[in-house]
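Protein chains in written order, with this note's numbering: chain L, 6 to 521; chain F, 243 to 720. Have a look at the structure below, then the notes.
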Amino acid sequence: MTDQVKLRRYQAPVWTEPIIMEMGREGERGIIPPPVEEKIRKAVDEAESYVPAGMRRKEPPRLPELSQPHVLRHYLRLSQQTLGMDLNIDLGEGTCTMKYSPRVNEELVKQIADVHPLQHEDTIQGILEILYKFAKVFLKEISGLDEFSFQPGGGADGVYTNACVIRKYHESNNELQQRNEIITTIFSHPCDAATPATAGFKIITLYPDGETGLPELEALKAAVSKRTAGMMITNPEDTGIFNPQIDEMTKIIHEVGGLCAYDQANANALLGITRAKEAGFDMCFFNLHKTFSSPHGSEGPACAAIGVVEKLAKFLPVPIVTSDGTKYHLDYERPYSIGKTRDFYGNVQAVLRSYAWSMCMGAEGLRETAEVSTINQSYLDKKLLAIKGVTRPFKFRRVDQARYSVDKMKKDTGIGTDDVARRMVDFGVTNYQTSHHPWVIPEPFTPEPCETYSKADIDYWAAIIEQVSKEAYTNPELIKKSPHNSTIAKMRETAFDDPEKWAMTWRAYLRKRKQK
Amino acid sequence: MALEVLGFDMNRKPLIHPYIPNSVPATKDEMLKEIGVRNTEQLYAEMIPERLRLKRSMNLPEALQSELDLRRHVEGILSKNKTCREYLNFLGAGCWQHFVPAVCDEIAGRAEFLTAYAGLGYSDLGKYQSFFEFQSMIGELIGMEVVGVPTYDWGSAAGHAIRMASRMTGRKEVLASRTTSPSRLSIIKNFCQPTAMPSHIDVGIVDYDRKTGMVNLEDLKRKISSRTAAVYFENPSYLGTIEAQSPEICKIAHENGAEAVVGIDPISLGILAPPSDYRADIVCGEVQPLGIHMHCGGGLSGFLACRDELRYVGEHPSFLISITDTEREGEYGFGQAKYDRTSFMVRENAKDWAGTTTGLWSIVSAVYMALMGPKGMKEVGEATIRKSHYAARRISQIKGLKVCFSTFFKEFVVNFDGTGKKVSKVNKSLLKYGIFGGKDISEEYAELGQSALYCVTEIHRAEDIERLADALAKMVRK
Numbered sequence: 006m007t008d009q010v011k012l013r014r015y016q017a018p019v020w021t022e023p024i025i026m027e028m029g030r031e032g033e034r035g036i037i038p039p040p041v042e043e044k045i046r047k048a049v050d051e052a053e054s055y056v057p058a059g060m061r062r063k064e065p066p067r068l069p070e071l072s073q074p075h076v077l078r079h080y081l082r083l084s085q086q087t088l089g090m091d092l093n094i095d096l097g098e099g100t101c102t103m104k105y106s107p108r109v110n111e112e113l114v115k116q117i118a119d120v121h122p123l124q125h126e127d128t129i130q131g132i133l134e135i136l137y138k139f140a141k142v143f144l145k146e147i148s149g150l151d152e153f154s155f156q157p158g159g160g161a162d163g164v165y166t167n168a169c170v171i172r173k174y175h176e177s178n179n180e181l182q183q184r185n186e187i188i189t190t191i192f193s194h195p196c197d198a199a200t201p202a203t204a205g206f207k208i209i210t211l212y213p214d215g216e217t218g219l220p221e222l223e224a225l226k227a228a229v230s231k232r233t234a235g236m237m238i239t240n241p242e243d244t245g246i247f248n249p250q251i252d253e254m255t256k257i258i259h260e261v262g263g264l265c266a267y268d269q270a271n272a273n274a275l276l277g278i279t280r281a282k283e284a285g286f287d288m289c290f291f292n293l294h295k296t297f298s299s300p301h302g303s304e305g306p307a308c309a310a311i312g313v314v315e316k317l318a319k320f321l322p323v324p325i326v327t328s329d330g331t332k333y334h335l336d337y338e339r340p341y342s343i344g345k346t347r348d349f350y351g352n353v354q355a356v357l358r359s360y361a362w363s364m365c366m367g368a369e370g371l372r373e374t375a376e377v378s379t380i381n382q383s384y385l386d387k388k389l390l391a392i393k394g395v396t397r398p399f400k401f402r403r404v405d406q407a408r409y410s411v412d413k414m415k416k417d418t419g420i421g422t423d424d425v426a427r428r429m430v431d432f433g434v435t436n437y438q439t440s441h442h443p444w445v446i447p448e449p450f451t452p453e454p455c456e457t458y459s460k461a462d463i464d465y466w467a468a469i470i471e472q473v474s475k476e477a478y479t480n481p482e483l484i485k486k487s488p489h490n491s492t493i494a495k496m497r498e499t500a501f502d503d504p505e506k507w508a509m510t511w512r513a514y515l516r517k518r519k520q521k
Numbered sequence: 243m244a245l246e247v248l249g250f251d252m253n254r255k256p257l258i259h260p261y262i263p264n265s266v267p268a269t270k271d272e273m274l275k276e277i278g279v280r281n282t283e284q285l286y287a288e289m290i291p292e293r294l295r296l297k298r299s300m301n302l303p304e305a306l307q308s309e310l311d312l313r314r315h316v317e318g319i320l321s322k323n324k325t326c327r328e329y330l331n332f333l334g335a336g337c338w339q340h341f342v343p344a345v346c347d348e349i350a351g352r353a354e355f356l357t358a359y360a361g362l363g364y365s366d367l368g369k370y371q372s373f374f375e376f377q378s379m380i381g382e383l384i385g386m387e388v389v390g391v392p393t394y395d396w397g398s399a400a401g402h403a404i405r406m407a408s409r410m411t412g413r414k415e416v417l418a419s420r421t422t423s424p425s426r427l428s429i430i431k432n433f434c435q436p437t438a439m440p441s442h443i444d445v446g447i448v449d450y451d452r453k454t455g456m457v458n459l460e461d462l463k464r465k466i467s468s469r470t471a472a473v474y475f476e477n478p479s480y481l482g483t484i485e486a487q488s489p490e491i492c493k494i495a496h497e498n499g500a501e502a503v504v505g506i507d508p509i510s511l512g513i514l515a516p517p518s519d520y521r522a523d524i525v526c527g528e529v530q531p532l533g534i535h536m537h538c539g540g541g542l543s544g545f546l547a548c549r550d551e552l553r554y555v556g557e558h559p560s561f562l563i564s565i566t567d568t569e570r571e572g573e574y575g576f577g578q579a580k581y582d583r584t585s586f587m588v589r590e591n592a593k594d595w596a597g598t599t600t601g602l603w604s605i606v607s608a609v610y611m612a613l614m615g616p617k618g619m620k621e622v623g624e625a626t627i628r629k630s631h632y633a634a635r636r637i638s639q640i641k642g643l644k645v646c647f648s649t650f651f652k653e654f655v656v657n658f659d660g661t662g663k664k665v666s667k668v669n670k671s672l673l674k675y676g677i678f679g680g681k682d683i684s685e686e687y688a689e690l691g692q693s694a695l696y697c698v699t700e701i702h703r704a705e706d707i708e709r710l711a712d713a714l715a716k717m718v719r720k
């Protein structure tokens, strides 16, 4: 493979930038806030007189003092030392759907930057129209479910909000005391276990059959009871395997009176192909910052669009956007609602971008997104499985991503998946996603070559893995000491778990360094 | 035949989309050949049972593939909005209009930060250093040593804070001030679970003094007990008041073995005492005032901070970015501290959960704090409090209007009972003057009658306040 692909020389920017707290000089300033005009100064007292004596700040905060060009320079340098998706073949971050975020959408977002969420309805009709149409025209058709909310601030928050809806549903049936168990699978994202646990549920986790990688129906049947509140599950799971028995699973849950919530974080290759409704789900959620192109923003702001069937609509967070045919409204009069899981209406800028992206796609474009994603996955799969030391457990073809293993490489050479992840950065790509814990598949990695990536991109990325494999078998020390072309050398990680050494702030760092 | 049934039109015209390089048919064919299948349908047929397939095309609006067409379409919809650039805005109540320096916008738009995600410190060092600097500068403002990466918003930070306190103390009750934002209280109640859940945390409400708007200490003393895990109050409160009794509240909490949890608007901290001064244990709050546009509520971003002690850190749910060194002399690295707390490690046994929140906003607010420095923070605090008091004075000169509480930072309650008019009516009329009046709180705080929560910040000028006062005066006379 590397016969055809010539890997480029790469060097990450190295600025050896100090921490901002060490920078600048006493007296320098970065910005002048708006002044208090003379008219006001004359009419009111000094600021201090309005602060109760015990509540006045005695010492100024020890923030850095820098001029404006130096603040800009510092953060531009830090941005250069961040390898965003726009700058690289970022297909290694599986479960993340690192797709292109169209620039035109950033221009559109600027137009709502200075809108206050509590403005009178009449003055935010445009935003309400987008929220309404993206829910009722797009997501309703894409999922088959009926009513939506954009309030959750991220994928895990979406799963949490769905758990709150399940809770409210059983509470309204006076069954909550009895129904306190949520069933999930180990290959579903950790938030499918952690957020219902935070919502108060006991978690039952199904493990996969060793042959198929899928949870067994018999195990599910054994797990359900009158204590079952619901099932929260991804499909395809983070292994990339689509569970063909998913409708039977939802049926088993329904038969005991539970609800089924579909974590659609891995929906990219399913758009227009298969839907939550036909699989029997009562609820679902989409990551707008993944499947629908809103930028990931260095871990947010993000948005989970949660959807529910009609009978659960009354439990959704308030407010819900409604339409009377001529105007859009924010409906707060929803007595059965769970209330709020995030303030206001969520990250509406993410919804705006997703609406624009979907309008640019149309039904055919969404389907093309799905099809190309799945072609890309199968194509990458072929390339990766030809590489020494790389294996992939479970026989099924994968939908959008796959979880591979370098366990063989580790046994042969001592080079494991964390080493590969560190070394690959030397070739100018973001490290791949290994796996959330526990690693059921040993030494895992999980790429997701979504529709953004060209054939040449995929060839190049596979060539990097092949190169690292070659090094593992011929010169493992090179990998052990990596990275070599990154911004920094290998980190000393012992501080991260040592209360005497870890430092989450500069003030803690200074104190602990002095004590040493 | 079967293929057509599944919505796969073999004769459809190829769609070559600018966002999808491999939409070129020749590329696809080459790749399919390499995979060893005839077409995409064969791939899907291997994976997804026919009974689960959508057997038709989706019914969606016609695509606008031309960028200009798309832009015109979306801008056409957005033109139905008004913004706070066109209208004079006095709304706050959890999302506030402050000045955003141009450098903040420049960094917010940087493609590297905008499109990075979960890469580790070797590919994304700058992201982690920015997170660490965010944590460090928030730490300086509030006087705490441990700050995590941001949460979704203040409300979720408060929810996590209360659950931390409950786990630390093994107690199942929180006392929250009645002057907590009602939406945040709703978020907190979801975090605390309904009574039917075995791990339910009881949310008790502590009343406020009707004259001062501050926490009613007698009510707090009456309600607090050895069951109480935490006392939660806000400073400034939802009603805008500066809590002058903060040290007493924390003391009462500590005397009862409870954690003192305070929610903060950090833009006040150039002039207000940091929570460490009054011995708060866990501090949360809202980052949005620090250089982030409102985005119709999409600018929110919370923070969650605590003492640097294992019993606190061990219960913190979020990613905590720690500084470390590298194998090259004089170089900083950054990574996850005590990762085994998080849901990414231990799923349902984690401390609540961690995940994608509001990373970009933490970077932007770091830029803001670095630009402002200690002087800027002091000046913005002073300008805000003087202007808001000026506005309150002007408004209280209008016949029939009364400002309810006198000790406030940037928000204050205006009572309209003396005018015989409803706030909703007044606000509707103010729109005609191009003004967004303060938030109507007459339902949230019925005991305050027809009242509105007005917000005045450093951005308001004397003439803006005159314009508001004139409009209000006219309306009251009507």
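Ideal Cβ positions, reconstructed from N, Cα and C, are used throughout, including at glycine. Every value quoted in this text rests on a predicted model; they were computed, and no experiment measured them.
> Taking Cβ positions only, does F:N669 come closer than 8 Å to chain L?
Replying inline: Taking the second sequence and counting its residues from 1, the one referred to as residue 669 of chain F is at position 427. Yes, F:N669 lies at the interface with chain L (some Cβ there is under 8 Å from its Cβ).
> To the nearest angstrom, how far is it from the Cα of F:G540 to the Cα of F:F341?
Replying inline: On the second sequence, residue 540 of chain F is found 298 positions in, with the first residue counted as 1. On the second sequence, residue 341 of chain F is found 99 positions in, with the first residue counted as 1. Roughly 17 Å separates the two Cα atoms.
> In this structure, does DSSP put F:H535 in helix, strand or coil?
Replying inline: Counted from its first residue, the second sequence places residue 535 of chain F at position 293. It is coil, neither helix nor strand.
> Can you give the Cα-Cα distance for F:E497 and F:I491, rounded to whole angstroms?
Replying inline: Here residue 497 of chain F refers to the residue found at position 255 of the second sequence. Here residue 491 of chain F refers to the residue found at position 249 of the second sequence. About 10 Å.
> Which residues in the same chain have their Cβ closer than 7 Å to the Cβ of F:S468, if we skip the five residues on either side of it in sequence?
Replying inline: Within the second sequence, numbered from 1, the residue matching residue 468 of chain F stands at position 226. N498, G499.
>> Extract the residue ranges of the alpha helix (DSSP H) inside the region 261–314 of chain F, only unbroken runs of 4 or more that lie entirely within it.
In response: 267–277, 282–289
> Looking at chain L, which residues of the region 593–614 of chain F have a Cβ within less than 7 Å of any of its Cβ atoms?
Replying inline: D594, W595, G597, T598, T599, T600, G601, L602, W603, I605, V609, M611, A612, L613, M614
> For the region 492–520 of chain L, which residues have a CB atom closer than 7 Å to at least one CB atom of chain F, in sequence order?
Replying inline: T492, I493, A494, K495, M496, R497, E498, A500, F501, D502, P504, W507, A508, M509, T510, W511, R512, A513, Y514
>> With H, G and I counted as helix, E and B as strand and the rest as coil, what does DSSP make of F:C526?
In response: Within the second sequence, residue 526 of chain F is the residue found at index 284, counting from 1. Strand, per DSSP.
> According to DSSP, which residues form a beta bridge with F:E501?
Replying inline: As a working mapping, residue 501 of chain F is identified with position 259 in the second sequence. DSSP output for F:E501 lists F:A472 as bridge partner(s).
> Hey, would you say F:Y727 sits closer than 8 Å to L:E482, going by beta carbons?
Replying inline: Missing from the structure shown is residue 727 of chain F; chain F here goes from 243 to 720 and no further.
> Any idea if F:K324 is buried or exposed, counting beta-carbon neighbours within 10 angstroms, 16 or more meaning buried?
Replying inline: Locating residue 324 of chain F in the second sequence gives position 82, counting from the first residue. Classification for F:K324: buried.
> Where does the unbroken beta strand (DSSP E) through F:A418 begin, and where does it stop?
Replying inline: Here residue 418 of chain F refers to the residue found at position 176 of the second sequence. 415–419 is the span of the beta strand (DSSP E), which, as asked, contains F:A418.
> So which residues on chain L does F:K629 lean against when the C-beta distance must stay under 7 Å?
Replying inline: Taking the first residue of the second sequence as 1, we reach residue 629 of chain F at position 387. V41, I45, listed in chain order.
> Which residue from F:P392, F:R553, F:G278 puts its Cα closest to that of F:T411?
Replying inline: By one-based count along the second sequence, residue 411 of chain F stands at place 169. Selected option, being the one with the closest Cα: F:R553.
> So which residues on chain F does L:M366 lean against when the C-beta distance must stay under 7 Å?
Replying inline: Numbered from its first residue, the first sequence carries residue 366 of chain L at position 361. Going along chain F in sequence order, the residues near L:M366 (Cβ under 7 Å) are A305.
> Buried or exposed: where does F:K629 fall if 16 or more other Cβ atoms within 10 Å of its Cβ makes it buried?
Replying inline: The count along the second sequence starts at 1 and reaches residue 629 of chain F at position 387. Under this definition F:K629 is a buried residue.
> How about the region 369–379 of chain L and the region 419–439 of chain L: do they share at least three Cβ pairs that are nearer than 8 Å?
Replying inline: no
> Contact between the region 164–177 of chain L and the region 216–223 of chain L: three or more CB pairs below 8 Å?
Replying inline: no
>> Tell me which residues of the region 390–409 of chain L have at least one Cβ-Cβ distance to chain F shorter than 9 Å, keeping chain order.
In response: F401, R402, R403, V404
> Using the beta-carbon count (16 or more within 10 Å), is F:R426 buried or exposed?
Replying inline: Walking along the second sequence from the start, residue 426 of chain F turns up at place 184. Looking at its Cβ environment, which holds 16 or more other Cβ atoms inside 10 Å, F:R426 is buried.
>> Quick check on the DSSP output: the beta strand (DSSP E) that includes L:I24 runs from which residue to which?
In response: The residue labelled residue 24 of chain L in the question sits at position 19 within the first sequence. Premise fails: L:I24 is in no beta strand (DSSP E) and is neither H nor E.
>> Would L:V142 and L:I129 qualify as a contact pair, given that the criterion is a beta-carbon distance under 8 Å?
In response: What you label residue 142 of chain L is simply residue 137 of the first sequence in a count that begins at 1. What you label residue 129 of chain L is simply residue 124 of the first sequence in a count that begins at 1. Against a cut-off of 8 Å, the Cβ pair of L:I129 and L:V142 comes out as no contact.
>> Please state the DSSP three-state secondary structure of L:R34.
In response: Residue 34 of chain L sits at position 29 when you count from the first residue of the first sequence. The answer is coil: DSSP assigns L:R34 none of H, G, I, E or B.
> What first and last residue would you give for the alpha helix (DSSP H) that runs through L:K207?
Replying inline: Taking the first residue of the first sequence as 1, we reach residue 207 of chain L at position 202. Careful: L:K207 lies outside any alpha helix (DSSP H), inside the beta strand (DSSP E) at 207–211.
> What residue range is occupied by the uninterrupted beta strand (DSSP E) comprising L:A198?
Replying inline: Along the first sequence, read from residue 1 onward, the residue named residue 198 of chain L stands at position 193. Run containing L:A198: none in the beta strand (DSSP E); it sits in the alpha helix (DSSP H), 196–203.
> Looking only at its own chain, which residues have a Cβ that is under 7 Å from the Cβ of F:S510, when we skip the five neighbours before and after it?
Replying inline: Counted from its first residue, the second sequence places residue 510 of chain F at position 268. Excluding positions up to five away in sequence, the list reads P478, G623, F651.
> Mind pulling the chain F residues with CB within less than 8 Å of L:H125?
Replying inline: The residue labelled residue 125 of chain L in the question sits at position 120 within the first sequence. Those within 8 Å of L:H125 in chain F are N669, K670, L673, F678.
>> Which residue marks the beginning of the alpha helix (DSSP H) containing F:G401, and which one marks its end?
In response: As a position in the second sequence, residue 401 of chain F is number 159, starting the count at 1. Run containing F:G401: 396–411, per the alpha helix (DSSP H) assignment.
> Any chance the region 102–120 of chain L sits against the region 298–315 of chain F, with 3 or more Cβ pairs inside 8 Å?
Replying inline: yes
> Are F:E528 and F:L542 closer than 8 Å when you measure CB to CB?
Replying inline: Within the second sequence, the letter at position 286 stands for residue 528 of chain F. Within the second sequence, the letter at position 300 stands for residue 542 of chain F. Closer than 8 Å, so yes.
>> Please list, in chain order, the residues of the region 86–98 of chain L that have any C-beta partner in chain F closer than 7 Å.
In response: Q86, T87, L88, G89, M90, D91, L92, E98
>> I'd like to know whether the C-beta of L:S148 is nearer than 8 Å to at least one C-beta of chain F.
In response: To locate residue 148 of chain L, count along the first sequence from 1; it is residue 143. No, L:S148 lies away from the interface with chain F (no Cβ there is under 8 Å from its Cβ).
> At a Cβ cut of 7 Å, what residues of the region 636–667 of chain F count as close to chain L, listed as they run along the chain?
Replying inline: T649
>> Suppose you measure from the CA of L:H522 to the CA of F:F561; what does that come to, to the nearest Å?
In response: The question about residue 522 of chain L has no answer, for chain L in this structure spans 6 to 521.
> In terms of residues, what are the limits of the alpha helix (DSSP H) holding L:T479?
Replying inline: The sequence position of residue 479 of chain L within the first sequence is 474, counting from 1. Where L:T479 is concerned, the enclosing alpha helix (DSSP H) stretches over 460–479.
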